[in-house]
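**Q** In this note's numbering, the protein residues as written are 103 to 618.
Glycine residues also receive a C-beta, built at the ideal position from the N, C-alpha and C atoms.
1) Would residue 216 count as contacting chain D if we go by Cβ distances under 9 Å?
2) Taking 9 Å as the cut-off, decide whether the C-beta atoms of residue 265 and residue 233 are in contact.
3) To the nearest whole angstrom, what separates the beta carbons of residue 466 and residue 542, a pair I think is in contact under 8 Å?
4) Let's see if you can read the secondary structure: which residues bound the alpha helix (DSSP H) around residue 168?
5) Distance check for residue 530 and residue 156, CA to CA, integer angstroms please.
6) What number of angstroms, rounded off, separates the C-alpha of residue 524 from the C-alpha of residue 482?
7) Indicate whether residue 494 and residue 455 have their beta-carbon atoms separated by less than 9 Å.
8) Quick one, are the C-beta atoms of residue 340 and residue 307 less than 9 Å apart?
9) Helix, strand or coil: which one does DSSP assign to residue 618?
10) What does DSSP give as the partner residues of residue 335 in its beta bridges?
11) Report the three-state DSSP secondary structure of residue 226 (helix, strand or coil).
12) Taking residue 362 as the reference, which of 343, 327, 230 has the closest Cα?
13) Check whether the Cβ atoms of residue 297 and residue 321 sit closer than 9 Å, and answer yes or no.
14) Which partner residues of residue 238 appear in the DSSP bridge assignment?
15) Closest by CA to residue 548, which one among 588, 310, 425?
16) By alpha-carbon positions, which one of 301, 332, 379 ends up nearest to residue 342?
17) Are residue 139 and residue 165 closer than 9 Å when you measure CB to CB?
18) Taking the Cβ atom as the reference point for each residue, do residue 143 and residue 153 lie within a distance shorter than 9 Å?
19) Buried or exposed for residue 115, going by 16 or more other Cβ atoms inside 10 Å?
20) Between the region 424 to 433 and the region 387 to 397, do at least 3 Cβ pairs fall closer than 8 Å?
21) Run through DSSP, which three-state label would residue 247 get?
22) Candidates 181, 241, 217, 184: which alpha carbon is nearest residue 207's?
23) Give me the Cα-Cα distance between residue 336 and residue 507, rounded to the nearest whole angstrom.
24) Roughly how many angstroms lie between the CA atoms of residue 354 and residue 420, to the nearest whole one?
25) Please name the residue, chosen from 238, 211, 216, that lies closest to residue 141 on a Cα-to-Cα basis.
26) So, are the CB atoms of residue 612 and residue 597 less than 9 Å apart?
27) For residue 418, which of 231, 224, 202 has the nearest alpha-carbon?
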């Protein structure tokens, strides 16, 4: 839609009200309808901007408006409603807490801004209020981010989840405040969200500060127990000393203290005998205390009309102290009568104090150019990442809720994994075709002296016969070692997981901004 306004001297106006003489002034205002839930471009599937419907890979985008209206407690709460995503549990007792499975296969590490992996259990605590969008890439992405160590399979075969932090906006100043209250029969939740953007110097330095304060009582919390409280800040700064140079720093800080909860045993869709839906055997002092922060800095330079260079580094840290008590696993509940089993140890108890860190550094070169009628977005990237975990934790079945544990040497752990990688990829546009091809080589090293190399290639094609119809197909191979996990002999696993995947389908848009 285009609106054109003309201003000129009009007859009959008094001298005091007449417009100045001279050429007419033409003001043109252009606008197009924008979907609140649709992203125009995505970047994590290719490290280059592309329309999500045209890619030969499926990318779902949760926009800022969608995240705000969902009003999630944390990232886990945000993603558990998404099709094809299994969130792996929300308790520290769960083996896969903070890890995500896409389409039934292991996903890659959750990343911030496409490069920095989350540390430890960040995935079940991180507040989504500072996310500009969440990109869920479904299908193999080992060729982009690399396979990762996992006892669940080849990480990178299922897809990836990328969290794009809110960035400073150079075109406006604003202050947004939102208060929300959710009240239930036995639950309460109060939330204050704010977002401040300020241009500190015109066109040169901009700062943004989104944040959130939350206080709540879950429905299962016993009377007299302390409520959940969480505080989150995500300041960022963008500097543009020249037209072709941008320097950015993104920081996030979060503190969460919440009551521990492990759930209840369910038999034939109902709470097992002796339990109700709101049962929680945990004692008042059993809680999760989480302190997390991330720091991500980058420099971006438009070196020429073709080449754009981006280098950066980051660190993510999660410090978690936890103690959980829940009902023991009633795995042998094979009787039709709902009677408590005579378990000698009816409770599962876990306690720990862990520190997780992730480090990364990368250098990316992107070339945007044409060769005849073919458009190219070519990406080369070299990167390094380190993942460390240290602390103590244990799990055992106990006879009493107040059972004490004597720490032993086997409860302490310290692992360190390094990964060096190189990516080469090209995204081509010609006529009604889009082609994506490339591969990634990684070298993995563990602190136990083991090392290994992996190679993850992929290729894909999309055909656009009409503006409202896209056919696509892709094939990819992913492999990853199991460093960081020990076998029954207490020696590190050195086998390599492998996965070959094929995907094909079509996308349909009955209206311009709605794609299926």
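**A** By the coordinates alone:
1) In the structure shown, chain D cannot be found, because there is only a single protein chain.
2) yes
3) Actually they are not in contact, since the Cβ atoms of residue 466 and residue 542 sit about 13 Å apart, beyond 8 Å.
4) 166 to 172
5) 11 Å
6) 7 Å
7) yes
8) yes
9) coil
10) 313, 355
11) helix
12) 327
13) no
14) 162, 263
15) 588
16) 301
17) yes
18) yes
19) The pLDDT assigned to residue 115 is 35, lower than 50, so where the model puts this residue is not dependable; a value taken from the coordinates is nonetheless given after this. Residue 115 is exposed by the Cβ-count criterion.
20) yes
21) helix
22) 241
23) 38 Å
24) 12 Å
25) 238
26) no
27) 224
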